[in-house]
Amino acid sequence: MIEIRFHGRGGQGAVTSAELLAVSAIEHGKYAQAFPSFGPERRGAPVVAFCRISDKPIKLRANIYTPDVVVVLDPSVLTIAHVEQGLKEDGILICNTKYDGQRIRKILKIKQKIATVNATRIAMDILKLPITNTTMLGALIKSTGLMEKDALEGPLKKRFGKIAEKNIATYKEAYDKTVILES
Amino acid sequence: MPKREGMEVSIAASEAIRLANVDAIAAYPITPQTHIVEHLSEFVANGELDAEFIPVESEHSAMSVCMGTSAAGARTFTCTSSQGLALMSEIVFIAPPMQLPIVMILANRSLSGPLSIWNDHTDVMMVRDCGWIQAFGENGQEIFDLTLAAFRIAEDRRVLLPFMVNMDGFILSHVIEPIEMMDQETVDKFLPVYKPKYRMDPDNPVTMGAFAMPDLYTETKKAQDEKLKASLPVIEEVWKEFGDLTGRYYHPIETYKAEGAKTLFVTMGSFGETASTAVDMLREKGEDVGLCQIRLWRPFPYEAFWKAVEGVDTLIIVDRATSYGGPGGPVASEIRSALYTLDPKPRVVDFIAGLAGRDVAPVNYEDMYTRAKARIASGDIAGYEIYGVKE
Chain F
1385 MIEIRFHGRG GQGAVTSAEL LAVSAIEHGK YAQAFPSFGP ERRGAPVVAF CRISDKPIKL
1445 RANIYTPDVV VVLDPSVLTI AHVEQGLKED GILICNTKYD GQRIRKILKI KQKIATVNAT
1505 RIAMDILKLP ITNTTMLGAL IKSTGLMEKD ALEGPLKKRF GKIAEKNIAT YKEAYDKTVI
1565 LES
Chain Z
9 MPKREGMEVS IAASEAIRLA NVDAIAAYPI TPQTHIVEHL SEFVANGELD AEFIPVESEH
69 SAMSVCMGTS AAGARTFTCT SSQGLALMSE IVFIAPPMQL PIVMILANRS LSGPLSIWND
129 HTDVMMVRDC GWIQAFGENG QEIFDLTLAA FRIAEDRRVL LPFMVNMDGF ILSHVIEPIE
189 MMDQETVDKF LPVYKPKYRM DPDNPVTMGA FAMPDLYTET KKAQDEKLKA SLPVIEEVWK
249 EFGDLTGRYY HPIETYKAEG AKTLFVTMGS FGETASTAVD MLREKGEDVG LCQIRLWRPF
309 PYEAFWKAVE GVDTLIIVDR ATSYGGPGGP VASEIRSALY TLDPKPRVVD FIAGLAGRDV
369 APVNYEDMYT RAKARIASGD IAGYEIYGVK E
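Shown next as structure tokens:
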């Protein structure tokens, strides 16, 4: 079982990221679960969302404390949301940042694998909006190999309707631009 | 086999209501039940569900309207949570003696105060004695399945009682997970059009909700009690039929690795899945432990429960509500009482955990297991422990 924690700010799509990932995994025959950090939704405040993916039915209704993967959707929460907390030693931190992996490693003082992509730039170029959910899913799939690259296309189309094409474009762009720094 | 689809449990619950082809819905939105009401109103507005959606100004009115539509012979649904249930509770007690087969999903949530929107079982325990059939789902699939089966059971002429499906708020209601849907044809075969036995009809007047003098009230209550108890075999029969249809079988009491186990956790609702993972972890460490999950809370399935705990030394009850100043959490009190006539009987250690959304992870079950052993060793297992209190 793989456990993933998403960090972002309310309204940026951390919850949507977790949902899309779970729905895609289920679509491809896996078992998955996605849930927000339950409570009132606050636009702009740091938020987290969770996703579990497994080959077997998931018998767990508890929070994720030691994620295999951490995804940071917003660079501004990097140093205020304890994003590295509980990350497994062989885990990976995937970050939306204009910096490279070495810089992130220094800032967070972590040894784990780090993947970086300038998701805000990609989202602004293609979507004209600083919403990085689909962008960061591209980075996530690239750096973890959790699913095939095209596994998310169906759910993205269903979810975004008219704006699906642009979201798929950001997803693919981020997939191609993500750089991985080994542990 | 139908494909599993990833969807929010509240959406799956709404799908069950759509497939059940209800005639009337009256509900007032309240967290964490809101997504169900929103989705159902969309179905009705889009024409995907041919039902009357009756917006109301409060939950008290919601249940009042439901009683009216159900009395008129309409298949009726509502859902609520917490304070909403508290407000509607006056009317909740009136539906069973009037034999109205309303189905309600209760998205379980704590009660104020302090104000909290998160999950526990305080709301359902407030109306424990309301006379509704009360069942708990452990995951999204169960909520979907139990809701569909609820109509069939409630409307059975041997039953004619309202049915409450308990769904843990947030922990179930807001989670995206795989759900196996049913097609309309299969549902229609399982759940035919509701043909009421009695209904409000100006051409054939009947009395419903009558006044009872002291010389008849006791007899009415005895009849109501007998009626609720008599629903048990019908519930089992319908769940069996549902299982034959879908491959998903439900029982009033479910067990996991309980065969020959000396210690059993006893849980209700979404606690069950995490507890089963904890059982696996404890078994790997050589502990002789299993799980007993109460699916049907009313009518309480005594026979099945006694059978499940035969030969067991210790029951670790994990309650999700408090009975302030009482003998234990509501589940533990019930179980101590249910065990009283057994000889020998297992000892009961009661924990109250997971109040208002406090997380209960597998390690917490392991911890409760250790604490239960310590309490047994100390000879003091009376009362209860509110688990995980920060000191």
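Sequences listed follow chains F and Z, in order.
Per the numbering used here, the first sequence runs over residues 1385 to 1567.
Per the numbering used here, the second sequence runs over residues 9 to 399.
Backbone N, C-alpha and C define an ideal beta-carbon position, used for all residues, glycine too.
Here the structure is a predicted model, which is why all the values come from computation and not from measurement.
Query, Result
"Would Ala283/Z and Tyr373/Z qualify as a contact pair, given that the criterion is a beta-carbon distance under 7 Å?", "yes"
"Could you please give the first and the last residue of the uninterrupted alpha helix (DSSP H) stretch that includes Met379/Z?", "Residue identity differs from the one stated: residue 379/Z is Arg in this sequence, not Met. Unbroken alpha helix (DSSP H) run through Arg379/Z: 370-386."
"Runs of 4 residues minimum, wholly inside the stretch 19-84 of chain Z: which ones carry the alpha helix (DSSP H) assignment?", "42-54, 67-79"
"Would you say the stretch 1445-1460 of chain F touches the stretch 1471-1486 of chain F, given that touching needs at least three Cβ pairs under 8 Å?", "yes"
"Which one or two residues does DSSP pair with Pro1372/F in a beta bridge?", "Here chain F has residues from 1385 to 1567 only, and residue 1372/F is not among them."
"Given a cut-off of 7 Å on the beta-carbon distance, is the pair Ser90/Z and Arg117/Z in contact?", "yes"
"Show which residues of chain Z have a CB atom less than 7 Å away from the CB atom of Glu1532/F.", "By Cβ distance, chain Z contributes nothing, its closest Cβ being about 17 Å from Glu1532/F, past 7 Å."
"Anything in chain Z within Cβ reach of Lys1423/F, meaning under 9 Å, just list it in chain order.", "The displayed chain sequence assigns Gly, not Lys, to residue 1423/F. Near Gly1423/F (Cβ distances below 9 Å), the residues of chain Z are Ile125, Trp126, Phe178, Gly365."
"Whole angstroms is fine: what's the gap from Asp1415/F's alpha carbon to Asp223/Z's?", "First, the residue type needs correcting, since residue 1415/F is Tyr and not Asp in the sequence shown. Whole-angstrom Cα-Cα distance: 59 Å."
"Can you check whether the CB of Arg160/Z is closer than 7 Å to the CB of Leu199/Z?", "yes"
"Would you decide whether Ile1525/F is buried or exposed? Buried here means 16 or more other CB atoms lie within 10 Å of its CB.", "buried"
"What residues in its chain sit with their C-beta under 8 Å from that of Asp321/Z, if we drop five residues either side in the sequence?", "Lys270, Thr271, Pro354, Arg355"
"Please give the ranges of any alpha helix (DSSP H) in the stretch 1497-1537 of chain F, keeping only runs that are unbroken, at least 4 residues long and fully inside the region.", "1503-1510, 1517-1528"
"Under 8 Å: do the stretch 312-326 of chain Z and the stretch 249-264 of chain Z share three or more Cβ pairs, one atom per stretch?", "yes"
"Of all Cβ atoms in chain Z, is any one closer than 7 Å to the Cβ of Arg1436/F?", "no"
"Can you pull the chain F neighbours of His182/Z, defined as C-beta to C-beta under 9 Å?", "Phe1419, Pro1420, Phe1422"
"My output table needs one value for Trp314/Z: the three-state DSSP class, helix, strand or coil.", "helix"
"Going by the DSSP bridge assignment, what does Tyr264/Z pair with across the sheet?", "Leu299/Z"
"At 7 Å on the CB atoms, spell out the chain B contacts of Val368/Z, in chain order.", "Of the protein chains in this structure, namely F and Z, none is chain B."
"Between Val1455/F and chain Z, is there a C-beta pair that is closer than 7 Å?", "no"
"Could you tell me which chain Z residues have their CB closer than 7 Å to the CB of Leu1406/F, listed as they occur along the chain?", "The sequence given here has Ala at residue 1406/F, not Leu. Under the 7 Å cutoff, chain Z gives Gly14, Ile184."
"Buried or exposed for Tyr332/Z, going by 16 or more other Cβ atoms inside 10 Å?", "exposed"
"How about Ile1349/F and Arg1489/F: do their beta carbons lie closer than 7 Å?", "With chain F covering 1385 to 1567 only, the question about residue 1349/F has no answer from this structure."
"Give the secondary structure of Arg1427/F by DSSP, where H, G and I count as helix, E and B as strand, and everything else as coil.", "coil"
"In this structure, how does DSSP classify Val1407/F when only helix, strand and coil are distinguished?", "helix"
"Alpha carbon to alpha carbon, how far is Arg1427/F from Arg1393/F? Give it in angstroms, no decimals.", "7 Å"
"Please identify the residue among Ala103/Z, Lys235/Z, Asp209/Z, Thr86/Z whose C-alpha is closest to the C-alpha of Leu114/Z.", "Thr86/Z"
"Have a look at Ile38/Z, Val73/Z, Leu27/Z, Pro40/Z and flag the residue whose alpha-carbon is nearest the alpha-carbon of Asp58/Z.", "Leu27/Z"
"Mapping DSSP to helix, strand and coil, what is Ser124/Z?", "coil"
"If you compare alpha carbons, which of Lys1533/F, Glu1532/F, Ser1567/F, Ile1506/F is closest to Lys1550/F?", "Ile1506/F"
"In the DSSP assignment, the beta strand (DSSP E) including Asn1480/F goes from what residue to what residue?", "1476-1480"
"Buried or exposed for Ile1547/F, going by 16 or more other Cβ atoms inside 10 Å?", "exposed"
"Which whole-angstrom value describes the C-beta separation of Gln1575/F and Ile184/Z, a residue pair presumed to lie in contact below a C-beta threshold of 8 Å?", "The structure shown does not extend to residue 1575/F, since chain F spans only 1385 to 1567, so no value can be given for it."
"What residues of chain Z sit near Glu1403/F, judged by a beta carbon separation below 9 Å?", "Gly14, Glu16, Ile184"
"Closest to Met15/Z by CA distance: which of Asp1452/F, Gln1396/F, Phe1419/F, Ile1386/F is it?", "Phe1419/F"
"How would you list, in chain order, the residues of chain F whose beta-carbon sits under 9 Å from the beta-carbon of Thr282/Z?", "Lys1443, Leu1444, Arg1445, Ala1446"
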